[in-house]
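Residue numbers for the sequence shown follow our numbering, so the first one is 10 and each next one is one higher. In what follows, a structure is listed as structure tokens, so that the remarks can point back to it.
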Amino acid sequence: MDTKIITPHDKGCYALRNYKAGVWDSPWAFIIGTERRDSLGRKHRHGRFLYYVIRCNCTSCSAQKIVRADRGHKIEEGKDG
């Protein structure tokens, strides 16, 4: 697991709409913290892998996503919205 949606985008999210329309490169921004998780993606105090917790670029949307930090993974969208 390199990325995982924690909370999906709200209906009417303008960041997701702009991303799908090709206006923005990604609807994600605002790294809000880090977490340690094990290889199965479960939270763990002394987990092996570091993940960034990022949120949607739309301030009224509650979407959050985790991205594995130690793989050099970009915070750009794949097919997971």
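All residues carry an ideal CB built from backbone N, CA and C; glycine is no exception. These numbers were taken from a predicted model, which means no experiment stands behind them.
Alpha carbon to alpha carbon, what distance is there between residue j and residue i?
i, j, result
"Arg57", "Asp11", "13 Å"
"Tyr61", "Glu44", "6 Å"
"Ala30", "Gly42", "29 Å"
"Arg77", "Leu59", "6 Å"
"Trp37", "Lys13", "13 Å"
"Asn27", "Gln73", "17 Å"
"Val32", "Lys20", "18 Å"
Residue i and residue j look like a contact to me (Cβ under 8 Å); what is the Cβ gap, rounded to whole Å?
i, j, result
"Thr16", "Ser69", "Wrong, their Cβ atoms sit about 13 Å apart, outside the cutoff."
"Ile75", "Ile40", "With a Cβ gap of about 11 Å, Ile75 and Ile40 do not count as contacting."
Given a cut-off of 7 Å, decide if residue j and residue i are closer than it, judged by their beta-carbon atoms.
i, j, result
"Cys67", "Tyr23", "yes"
For a test of your reading of the model: does the CB of residue i fall under 6 Å from any non-hydrogen atom of the ligand GDP? Yes or no.
i, result
"Thr16", "Among the components modelled here there is no ligand, and therefore nothing to report on the ligand GDP."
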